[in-house]
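Okay, structure first, notes after.
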Amino acid sequence: MSDNWYGTAAAVVTLTFDVDAETPILAQGAGYARHATTMSHQTYGPDVGLPRILAILDELDVPATFFVPGWVAERRPGLAKSIADRGHEVAHHSYSHRPPTSMTPEEERADFERGLAVFDAQGIEIAGHRAALWEASWQTAALVAEHGLLYDSSLMGDDRPYRVATESGDIVELPVHWSLDDWEQYAFLPAPHVGAVIESPAKVLELWRAELDGMRHYRCLFNLCVHPFLSGRPGRALALRRFVEYALECGDVRFARCREVAQAAAADRALPVRRPQPPAVDPEVYPD
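Numbering of the sequence shown is given in our numbering, commencing with residue 100 and proceeding in unit increments.
Right, dumping it as structure tokens:
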């Protein structure tokens, strides 16, 4: 067995799906619950996009990780189990999809623990976490460690796994980046403003293939973030399928659940250790 996080692969691909449903919109204001069209845009994710994506993963026989807000799992009691029963990983994605940077430390803790409680009640084992909108606070990593989770996937300090040291212990960070997020390619709503671009799936496929080629050259973690209400739409789903087929054809790429990558990274003694802390800021230079 290899003693490094990547084994013999030139790159490791983690296909991750943020099953946000209505939460990103409701986090902008409860009044959007009255917007029938907007809510239908979001429920398309779990109702239509998710089954389509799960079918593609079944057909190509690749594993994935699904980050689910507790609010979504709570209101759709069978959803998380249906994902786990297909052999995929379910991971923690807050309770309400409010970003930690918008909350007090006490509010972030309460939201974090409320989300975990939903999965505990449903018998879903959780190993990892992803902050809403990737907007982790300086206490997020410590919360992940304190609650016994193995990894976080919210930060951007590398393109390979690294260890984050906190006062509650070390965790593994599986870093992300905007270039590997379909939100930046497809998100559009008149209100609330969550994005204003609808790119061609062909362009997105080209982007992700180029990123994978670069990561194969540098032996990186290709941590793709996809939203079922966006990439579950027909042309985009086919582009996602073609990307997976391309990666499989490369012959030197390994697909894995985030939990598996984090377990291998935790055992890798060469993994760099980071101690995240806010930079010292001179208020005369950078006033609030």
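Cβ atoms here follow ideal geometry from the backbone N, Cα and C, with glycine treated the same way.
Could you tell me the boundaries of the beta strand (DSSP E) in which V167 lies? Here the beta strand (DSSP E) through V167 covers T164 to V167.
For D189, count neighbouring Cβ atoms within 10 angstroms of its own Cβ and tell me buried if that reaches 16, exposed if not. First, the residue type needs correcting, since residue 189 is Val and not Asp in the sequence shown. By the neighbour-count rule (16 or more Cβ atoms within 10 Å), V189 is buried.
Straight-line gap, G222 to E173 (C-alpha atoms, nearest Å): One C-alpha to the other measures close to 12 Å.
Own chain partners of A241 with C-beta closer than 7 Å, once the 5 adjacent residues on each side are dropped: The residues are T265, E266 and S267.
Would you please state the rounded distance, in angstroms, between the beta carbons of D269 and R262? I believe it to be under 8 Å. Right, their Cβ atoms sit about 5 Å apart.
Considering Cα atoms alone, identify which of D387, R229, L320 and S278 is closest to S193. When each option's Cα is compared against that of S193, the closest is R229.
Mind pulling the beta strand (DSSP E) runs of 3 or more residues that sit fully within the region 124-211? Within the region 124-211, the complete beta strand (DSSP E) segments of 3 residues or longer fall at 164-167 and 188-191, listed in chain order.
Mind listing, in chain order, the continuous alpha helix (DSSP H) runs of no fewer than 4 residues lying wholly within the region 214-290? As for any alpha helix (DSSP H) of minimum length 4 sitting wholly inside the region 214-290, the runs are 239-245 and 282-285, ordered along the chain.
Cutoff 6 Å; reference V325; Cβ partners in own chain excluding five residues on either side: Listed in chain order, the non-local C-beta contacts of V325 below 6 Å within the same chain comprise F116 and D281, local neighbours out to five positions each way being set aside.
If you draw a straight line from the alpha carbon of D312 to that of L159, how long is it in whole angstroms? Cα to Cα, the separation comes out at about 20 Å.
Three-way DSSP call (helix, strand, coil) for V293 in this model: In the structure shown, V293 falls within a coil segment according to DSSP collapsed to helix, strand and coil.
Where do the ends of the alpha helix (DSSP H) carrying V118 lie? Premise fails: V118 is in no alpha helix (DSSP H) and is neither H nor E.
How about R170 and A364: are their beta carbons less than 8 Å apart? The sequence given here has Trp at residue 170, not Arg. In this structure, A364 does not lie closer than 8 Å to W170 by Cβ.
Between L273 and the rest of its own chain, which residues show a CB-CB distance below 7 Å, the 5 nearest in sequence each way excluded? Once the five neighbours on either side are set aside, the close Cβ partners of L273 are T113, Y250, S252, P260, L320, N322, C357, V360 and A361.
Helix, strand or coil at A363 according to DSSP, with G and I counted as helix: Helix, per DSSP.
Quick check: the Cα distance between E245 and A301, rounded to an integer number of angstroms? Cα to Cα, E245 sits roughly 43 Å from A301.
Mark A135 as exposed unless 16 or more other C-beta atoms lie within 10 angstroms of its C-beta, in which case mark it buried. Here A135 is exposed: its Cβ has fewer than 16 other Cβ atoms, across all protein chains shown, within 10 Å.
Counting C-beta neighbours from all protein chains within 10 Å, is the total for P176 16 or more, i.e. buried, or is it exposed? Taking all protein chains in view, the Cβ of P176 is surrounded by fewer than 16 other Cβ atoms within 10 Å, so the residue is classified as exposed.
Range covered by the beta strand (DSSP E) that runs through C349: C349 -> not in any beta strand (DSSP E); alpha helix (DSSP H) instead, spanning P333 to C349.
Residue environment, E121, which counts as buried when at least 16 other CB atoms sit within 10 Å: Buried.
Other residues of its chain near D255: CB distance less than 7 Å, five sequence neighbours each side excluded: According to the sequence shown, residue 255 is Met rather than Asp. Excluding residues within five positions, the ones whose Cβ falls inside 7 Å are P274, V275 and H276.
May I have the straight-line CA-CA distance separating P162 from P386, to the nearest angstrom? Between P162 and P386, the C-alpha separation is close to 46 Å.
Let's test the definition: count the other Cβ atoms within 10 Å of the Cβ of A309 and tell me whether it reaches 16, buried, or not, exposed. By the neighbour-count rule (16 or more Cβ atoms within 10 Å), A309 is not buried but exposed.
Taking the alpha helix (DSSP H) that V352 falls in, what are its first and last residues? Taken as a continuous stretch (DSSP letters only), V352 belongs to no alpha helix (DSSP H), being part of the beta strand (DSSP E) at V352 to F354.
From what residue to what residue does the beta strand (DSSP E) around V303 run? Here V303 belongs to no beta strand (DSSP E); instead the alpha helix (DSSP H) covers P300 to Y317.
R197 to G331 span [Cα, whole Å]: Taking the straight line joining both Cα atoms gives about 23 Å.
Does DSSP put R374 in a helix, a strand or coil? Correct three-state label for R374: coil.
Could you give the first and the last residue of the continuous alpha helix (DSSP H) run that contains P382? Judged by DSSP secondary structure, P382 falls outside any alpha helix (DSSP H); it is assigned neither H nor E.
Alpha carbon to alpha carbon, how far is V111 from A99? Give it in angstroms, no decimals. Residue 99 lies beyond the stretch modelled for the chain, which goes from 100 to 387, so this question has no answer here.
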